[in-house]
Amino acid sequence: MNKIYTPDQTTEIALPFYMTSIEAGFSSPADDYIEGKLDLNEHLIKNPAATFFVRVSWESMIKAGIYPG
């Protein structure tokens, strides 16, 4: 393990949230249908005090779906 990173929750990570579906790779006027913003911190980090990120450097966890990098 190279480093342990804690999430930065001081920066809001809000992405456009569209209620309509779009085709990937197809240019669409979907901006007209933005329903709001989706904050990834709010939806992905349930327990900030126990949330951390690591960079994996070995292949021992590949069977568990954890890959180096």
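The opening residue of the sequence shown carries number 153 in our numbering; numbering runs sequentially from there.
Using N, Cα and C, we set each Cβ at its ideal position, and we do this for glycine too.
In the three-state scheme derived from DSSP, where H, G and I count as helix and E and B as strand, Lys215 is classed as helix. Pro220 is not a Cβ neighbour of Val206, given a cutoff of 8 angstroms. Distance from the CA of Thr203 to the CA of Thr162, rounded to the nearest whole angstrom, comes to 14 angstroms.
Linking Ile156 to Asp191 through their CA atoms gives a straight-line distance of about 23 angstroms. Per DSSP, reduced to three states, the secondary structure at Glu164 is coil, with no helix or strand assignment.
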